[in-house]
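Enquirer: Taking numbering that gives the first Met the number 0, the leading residue of the sequence shown gets 0, the next gets one more, and so forth.
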Amino acid sequence: MSNAEKQIVEVLQEFGLSTNASRAYVALLRNNPATGYEISTQSGIPRSAIYSVLNRLSAMGLINSVGDSPKRYVALSPSALLEHLRSSQEDRLKQLEEALDQMDTSEEAFDFWHLHGYRNLLLKLKETIVEARQKLFLSAWAREVEVLDKVLEEAEQRGVEITLFTFCRLRKTFGETVSYDLDERELRKIWNPKIILVTDHTTTVMGSSANRPDSRAIWTRNRAITEIATNHIILDITLAGQRLHFDPNPIVQRVMKRPDIHLDALLETT
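#1: Is SER76 helix, strand or coil when you go by DSSP?
#2: Ends of the beta strand (DSSP E) at LYS134?
#3: Where do the ends of the alpha helix (DSSP H) carrying LYS123 lie?
#4: Which same chain residues, not among the five before or five after ILE71, have their C-beta less than 6 Å away from its C-beta?
#5: Looking only at its own chain, which residues have a Cβ that is under 7 Å from the Cβ of GLY240, when we skip the five neighbours before and after it?
#6: Quick check on the burial criterion: 16 or more other C-beta atoms within 10 angstroms. Buried or exposed for TRP112?
#7: Closest to ILE217 by CA distance: which of SER207, ARG211 and ALA223 is it?
#8: Identify, in the order they occur along the chain, each residue of the same chain with its Cβ nearer than 8 Å to the Cβ of ILE195, setting aside the five sequence neighbours on each side.
#9: Which residues in the same chain have their Cβ closer than 7 Å to the Cβ of ARG253, if we skip the five residues on either side of it in sequence?
#10: Any idea what DSSP makes of HIS231, helix, strand or coil?
#11: According to DSSP, simplified to helix, strand and coil, what is GLY240?
#12: Does LYS149 pass the burial test, meaning 16 or more other C-beta atoms within 10 Å, or should it be called exposed?
#13: Can you tell me whether DSSP reads ASN54 as helix, strand or coil?
#14: So, ARG170 versus GLU145, is the Cβ gap smaller than 8 Å?
#15: Do you know offhand how far ILE44's Cα is from SER1's?
#16: What is the rounded straight-line gap between the Cα of LYS188 and the Cα of ILE49?
#17: DSSP three-state label for LEU265, please.
#18: Which residues in the same chain have their Cβ closer than 6 Å to the Cβ of PRO69, if we skip the five residues on either side of it in sequence?
#19: Classify PRO192: buried if its beta carbon has 16 or more other beta carbons within 10 angstroms, exposed otherwise.
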């Protein structure tokens, strides 16, 4: 099975198909139409189980049968499969939305969420950036900036003010970018990668950005944590100004909730 076929099997399982059903569909795509025996041979599914799997796929509308002696199976085309899954998901989400609306719940009870694994972190980062409306502060390493390239570009295009801090050399910058321009490969030898994202002074995603299933991060709308995360980015930019010999105040003011309050002016009054 090729890497692409393995990926298709994995994604189909996320849509609720069993491993065997996913493998059978992929095998049928490869050799379409085919008999149950041929599908069993190509997919590695035992002949004793293949027909129940095919009946399940048929009931889901993902395959069809033609003829009778022998019966052959035809897979839904890739484009039709995508439309079928998209329509099914939209219907389920609509039903879920209507049911959830009938429940008496408080959104404040869900203002903190643990993110387990790198993939879930990236999904939440993208979702949070898409929801940003006015300001976005990001402290990240080059790999994550590249992964988030599309949603960051779209945010910039819709007028979101972006402030980006990184220790790494970037191929592409967004908004106002502060960078130490270090080689990420060398940096990984001494530090573990971290990420902080704050949007609209209300929402924060932060934690480990190590590409491992056991990495941990959080998503939150907790005001105290969001202020701590914002202040962490402000401190990083301020220290970068001292080390790289530039005035950080104009950039810091973009991040501060009260940009009219200038730190230097406060220090002069003490």
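Beta carbons: idealized from backbone N, C-alpha and C, even for Gly.
Expert: Once the coordinates are examined:
#1: SER76: coil per DSSP, three-state reduction.
#2: Looking at the DSSP string, the run of the beta strand (DSSP E) that includes LYS134 is 134 to 138.
#3: Counting along the chain, the alpha helix (DSSP H) containing LYS123 begins and ends at 117 to 130.
#4: Per the sequence presented here, residue 71 reads as Arg, with Ile not at that position. Around ARG71: PRO32, THR34 and VAL65.
#5: So the list reads ASP246 and PRO247, once near-sequence residues are dropped.
#6: The C-beta of TRP112 has fewer than 16 other C-beta atoms within 10 Å across all chains shown, which makes the residue exposed.
#7: Residue SER207 is the option with its Cα nearest to ILE217.
#8: Within the same chain, and ignoring the five residues on either side of ILE195 in sequence, the residues whose Cβ sits closer than 8 Å to its Cβ are PHE136, LEU137, SER138, ALA139, THR203, VAL204, MET205, ALA228, HIS231 and ILE232.
#9: So the list reads GLU160, THR162 and GLU175, once near-sequence residues are dropped.
#10: Note: HIS231 maps to helix in three-state DSSP.
#11: Of the three classes helix, strand and coil, the one that applies to GLY240 here is helix, per DSSP.
#12: By the 10 Å Cβ count, LYS149 comes out exposed.
#13: Of the three classes helix, strand and coil, the one that applies to ASN54 here is helix, per DSSP.
#14: Taking the C-beta atoms as reference points, GLU145 is found nearer than 8 Å to ARG170.
#15: Those two C-alpha atoms are separated by around 17 Å.
#16: The alpha-carbon atoms of LYS188 and ILE49 are separated by roughly 49 Å.
#17: Note on LEU265: pLDDT 49, under 50, position unreliable in the model; the coordinate value appears next. LEU265: helix per DSSP, three-state reduction.
#18: By the criterion of a C-beta distance shorter than 6 Å, PRO69 is surrounded in its chain by THR34, once the five residues flanking it on both sides are discounted.
#19: Label assigned to PRO192: buried.
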